[in-house]
Amino acid sequence: MQYISKLLLLAFLPLLAHAQTFDLVIRNGRVVDGSGNPWQRADVGIQNGKIARIGTIPASEGRVVIDAKNQIVAPGFIDVHTHVEGDLETQPGAENFIYDGVTTLVSGNCGSSRTNFRAMFDTLRLKGFTPNLASMIGHNSVRMKVMKTAFREPTVREQAEMETLVEQAMRDGAVGLSTGLIYTPGTYAKTSEIVGLARKAAQYGGVYASHIRNEGQEVQKAIEEAIQIGREAGIPVEISHFKVASKPIWGFSKTTVGLVEAARREGIDVTVDQYPYTASSTSLQSIVPSWALADSDSLVLARFRNPDSRAKIKSEMLASLRKNGRTNYEYAVVSRYEADTTYNGKSIAKINQLQGRKANAETETELVMDLIERAQMKRIQMVYHTMSEEDVATILRYPNTMIASDAGVASFGKNMPHPRAYGTNARVLGRYVRELKIIPLEEAVRRMTSLPAQRFHFADRGLLAPGFAADVVIFDENTVSDAATYDAPHAYSVGLSYVLVNGVPVVENGKHNGKKPGQVLLGNGVVR
Numbered sequence: 001m002q003y004i005s006k007l008l009l010l011a012f013l014p015l016l017a018h019a020q021t022f023d024l025v026i027r028n029g030r031v032v033d034g035s036g037n038p039w040q041r042a043d044v045g046i047q048n049g050k051i052a053r054i055g056t057i058p059a060s061e062g063r064v065v066i067d068a069k070n071q072i073v074a075p076g077f078i079d080v081h082t083h084v085e086g087d088l089e090t091q092p093g094a095e096n097f098i099y100d101g102v103t104t105l106v107s108g109n110c111g112s113s114r115t116n117f118r119a120m121f122d123t124l125r126l127k128g129f130t131p132n133l134a135s136m137i138g139h140n141s142v143r144m145k146v147m148k149t150a151f152r153e154p155t156v157r158e159q160a161e162m163e164t165l166v167e168q169a170m171r172d173g174a175v176g177l178s179t180g181l182i183y184t185p186g187t188y189a190k191t192s193e194i195v196g197l198a199r200k201a202a203q204y205g206g207v208y209a210s211h212i213r214n215e216g217q218e219v220q221k222a223i224e225e226a227i228q229i230g231r232e233a234g235i236p237v238e239i240s241h242f243k244v245a246s247k248p249i250w251g252f253s254k255t256t257v258g259l260v261e262a263a264r265r266e267g268i269d270v271t272v273d274q275y276p277y278t279a280s281s282t283s284l285q286s287i288v289p290s291w292a293l294a295d296s297d298s299l300v301l302a303r304f305r306n307p308d309s310r311a312k313i314k315s316e317m318l319a320s321l322r323k324n325g326r327t328n329y330e331y332a333v334v335s336r337y338e339a340d341t342t343y344n345g346k347s348i349a350k351i352n353q354l355q356g357r358k359a360n361a362e363t364e365t366e367l368v369m370d371l372i373e374r375a376q377m378k379r380i381q382m383v384y385h386t387m388s389e390e391d392v393a394t395i396l397r398y399p400n401t402m403i404a405s406d407a408g409v410a411s412f413g414k415n416m417p418h419p420r421a422y423g424t425n426a427r428v429l430g431r432y433v434r435e436l437k438i439i440p441l442e443e444a445v446r447r448m449t450s451l452p453a454q455r456f457h458f459a460d461r462g463l464l465a466p467g468f469a470a471d472v473v474i475f476d477e478n479t480v481s482d483a484a485t486y487d488a489p490h491a492y493s494v495g496l497s498y499v500l501v502n503g504v505p506v507v508e509n510g511k512h513n514g515k516k517p518g519q520v521l522l523g524n525g526v527v528r
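Structure, rendered in structure tokens:
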């Protein structure tokens, strides 16, 4: 009997060796692991939401098997600059990001965020969502909570209150502090105010991410301020959507990149992110002098209606326009105007003409104030065509540049958003890697994966390696491309066949399946 048992055991050993060891196996792919190393032919075994093995894995060892068909298998992309506050609760699938291969979002950028992180994270966990999410605490939101839109320095008490809010957010899971220094009320803050808040974030292992004070003629001074804050607060610096947004200084990116590299040689940890487009997108209010937007909405509207203050606003707007090498507002295109959606997709200059006004910058500045007043001070989203392809390429070549969309969750077919909301990562892979050969494929993937994971201390993401979270994207390097354009922005990226979040397929054969395996990624300040 014992002899027969041994014979049976020997007979079943080959079957045991090929038991279903993994929840999911990705076979026949070319693995680009996110480190920047060359691709290798390998299979990927996933177990309990983690990468368990990379190597040769028989199909019989996977409960589910995906045939990659010689496509690229890479870590899921990490978008370090998004604005999804409130979006994931109502649109948890985040299709525009997921179809672009993004599996982790970093929100709370440009100084705008929720201030109660515990409540925000609890709500998201309860509702469920598809991509992972981390968030920063926004300086503008903190200042608004304490000081409203006051155009002055904080008192000692107010500074302490703001620092307490930042500290609490870091304890509740924020990954850093962000600023938006061209927006009210951030534009009213002096450097010392921000340093005080950044020091609090630094105490909890946070990052300082900044939409710097100027991205045009004064961009060098603005970069130097961000570096100074990093130096004085002892905090890593991330300069958001790095660009040169003024026609007279196109080509200046060689200098701005040099400033970042010089700071790194000094020992200051500075990196940048970029969207691969020559147009930006922000509010119409951002081109109005910031002093005019201070205090209550009623006071702002009073300034618009008072002949003296209106003339001063108009004069400053025209001076800024000329300084940036422009003669009119043809470069400024309405993306979302809720008061009259027929304006969406049209430039300020075009709307001015449609209203029967004289075709010149003077009447266009009047129109800007009229549009803001008609919108009852609600945000008017714009697309601004202000950059050069040369600067985009120069910044993209810099090894410490990450890829970021600066987008929220898009409502398909609604308004005229910037195409970056749909196609940022695919555009890099299709246009800048395959077509223009600005950077190699493996380097592009590193910029989208391990570099942002390192920047924001996501210790178990950004690489395809055993023990890491199984955030994975499978794409065809020969066909991956962005489909969204400025004229037709609502188009999902193509060439991505599978996306996995925490080991769960959320895109299968190019289709989002609605699953919500996303996790909240907490910062280092949380006591675990």
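Reminder that position 149 of the sequence shown reads as 149 in this note's numbering, one-by-one numbering, no gaps.
From the three backbone atoms N, C-alpha and C, an ideal C-beta is built for every residue, glycine too.
For residue i, collect the residues of the same chain with a Cβ closer than 7 Å to its Cβ; drop the 5 residues on either side in sequence, then sort them by chain order.
i: E423; result: Here residue 423 is Gly; the residue named in the question, Glu, does not match the sequence. For G423, where only same-chain residues beyond five positions count, the Cβ hits under 7 Å are D100, D482, A483, A484, S493.
i: K516; result: P92, G128, F129, T130
i: R125; result: V520
i: V445; result: V32, G34, A74
i: F468; result: K50, I51, D460, R461
i: N37; result: E442
Distance, Cα to Cα, residue i vs residue j?
i: V433; j: N478; result: 10 Å
i: V504; j: E85; result: 24 Å
i: I249; j: S240; result: 19 Å
i: S403; j: A209; result: Ser is not the amino acid found at residue 403; the sequence shown has Ile there. Those two C-alpha atoms are separated by around 14 Å.
i: N109; j: Q20; result: 43 Å
i: G34; j: V73; result: 10 Å
i: F97; j: Q203; result: 32 Å
i: K358; j: Y275; result: 35 Å
i: S347; j: A245; result: 18 Å
i: K6; j: T449; result: For K6, the predicted structure reports a pLDDT of 48, less than 50, and the residue's modelled location is therefore unreliable. The matter cannot be settled from this model.
i: G111; j: G462; result: 25 Å
i: H226; j: A189; result: The sequence shown places Ala at residue 226, not His. Looking at the two C-alpha atoms, the distance is approximately 13 Å.
i: R41; j: L371; result: 56 Å
i: E443; j: A339; result: 44 Å
i: S320; j: K437; result: 36 Å
i: A222; j: F475; result: 38 Å
i: Q353; j: H490; result: 27 Å
i: T363; j: S296; result: 26 Å
i: G205; j: E163; result: 15 Å
i: S60; j: I268; result: 50 Å
i: L88; j: R427; result: 24 Å
i: D122; j: K314; result: 46 Å
i: R27; j: H457; result: 30 Å
Does the beta-carbon of residue i have 16 or more other beta-carbons within 10 angstroms, so that it is buried, or is it exposed?
i: P417; result: buried
i: R152; result: exposed
i: R455; result: buried
i: T255; result: exposed
i: L197; result: buried
i: E435; result: exposed
i: S178; result: buried
i: A306; result: The residue asked about is misnamed: residue 306 is Asn in this sequence, not Ala. The residue in question, N306, is exposed, as its Cβ has fewer than 16 Cβ neighbours within 10 Å.
i: D487; result: exposed
i: Q376; result: exposed
i: R213; result: buried
i: Q381; result: buried
i: A311; result: exposed
i: R420; result: buried
i: A407; result: buried
i: E95; result: buried
Please go through the same chain and pick out, in chain order, the residues whose beta-carbon is closer than 8 Å to the beta-carbon of residue i, but skip the five residues on each side of it.
i: E390; result: W250, G251, S253
i: S411; result: Q91
i: V368; result: L284, I287, V288, M317, Y329, I348
i: R264; result: V270, N400
i: I137; result: G108, S113, T115, F117, L165, V166, A169, M170, A174, G176, L177, S178, A201
i: R63; result: Q20, F22, D23, L24
Can you check DSSP and say which residues form a bridge with residue i?
i: R53; result: G45
i: N425; result: Paired residue(s): none; N425 is not in a bridge.
i: I66; result: I26
i: E238; result: A209, T271
i: G128; result: Paired residue(s): none; G128 is not in a bridge.
i: A469; result: K50
i: F475; result: I72, L496
i: L321; result: According to DSSP, which records beta bridges pairwise, L321 is partnered with nothing at all.
i: L105; result: D79, L133
i: A279; result: H385
i: H139; result: Paired residue(s): none; H139 is not in a bridge.
Determine, using beta carbons only, whether residue i comes closer than 8 Å to chain D.
i: Y275; result: The chain labelled as chain D is not found in the depicted structure, where only one protein chain is given.
Ordered along the chain, which non-local residues of its own chain (more than five positions away) have a Cβ less than 6 Å from that of residue i?
i: R336; result: Q381, N415
#### Entry: At least three beta-carbon pairs within less than 8 Å, the stretch 130-149 to the stretch 111-122
yes
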